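Colleague:
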Amino acid sequence: MRVRSVHPRTGVDSETQRLNFSDRLDRLLLELDSWQGELRVDVARAELRGFQELAGDLRRLTTRVDLVLTTGRALVRARR
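For reference, each letter of the sequence shown is one residue, going 2 to 81 in this note's numbering.
#1: Return the residue from the list L59, L70, L55 and R80 that minimises the CA-CA distance to E32.
#2: With a cut-off of 8 Å on the beta carbons, I'd call T63 and R41 a contact; round off their distance for me.
#3: What number of angstroms, rounded off, separates the C-alpha of L30 from the C-alpha of A75?
#4: Assign L59 to one of two classes, buried (16 or more other C-beta atoms within 10 Å of its C-beta) or exposed (fewer than that).
#5: Measuring alpha carbon to alpha carbon, tell me which residue in R78, G73, D67 and S23 is nearest W36.
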């Protein structure tokens, strides 16, 4: 006896999912854009105060924020 698999429907079509992703991506990029400048200032402050480990952590976070911003901006350009 074969059992058929049933895929539950979410009720959200692919167009709606794209719009939701697009809206959330725009908001994320705006937020990360403001973080980018703040993080660079925070790295400098941490270094001045002698918190080298914190400065290193903030530099790594800055690198990740830069990567997400670059990738996100590329996605925005691609969808136009």
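By construction, the Cβ of each residue, glycine as well, lies at the ideal position given by its N, Cα and C atoms.
The structure displayed is predicted, hence computed values, not measured ones.
Modeller: Inspection of the coordinates gives the following:
#1: L70
#2: 6 Å
#3: 11 Å
#4: buried
#5: D67
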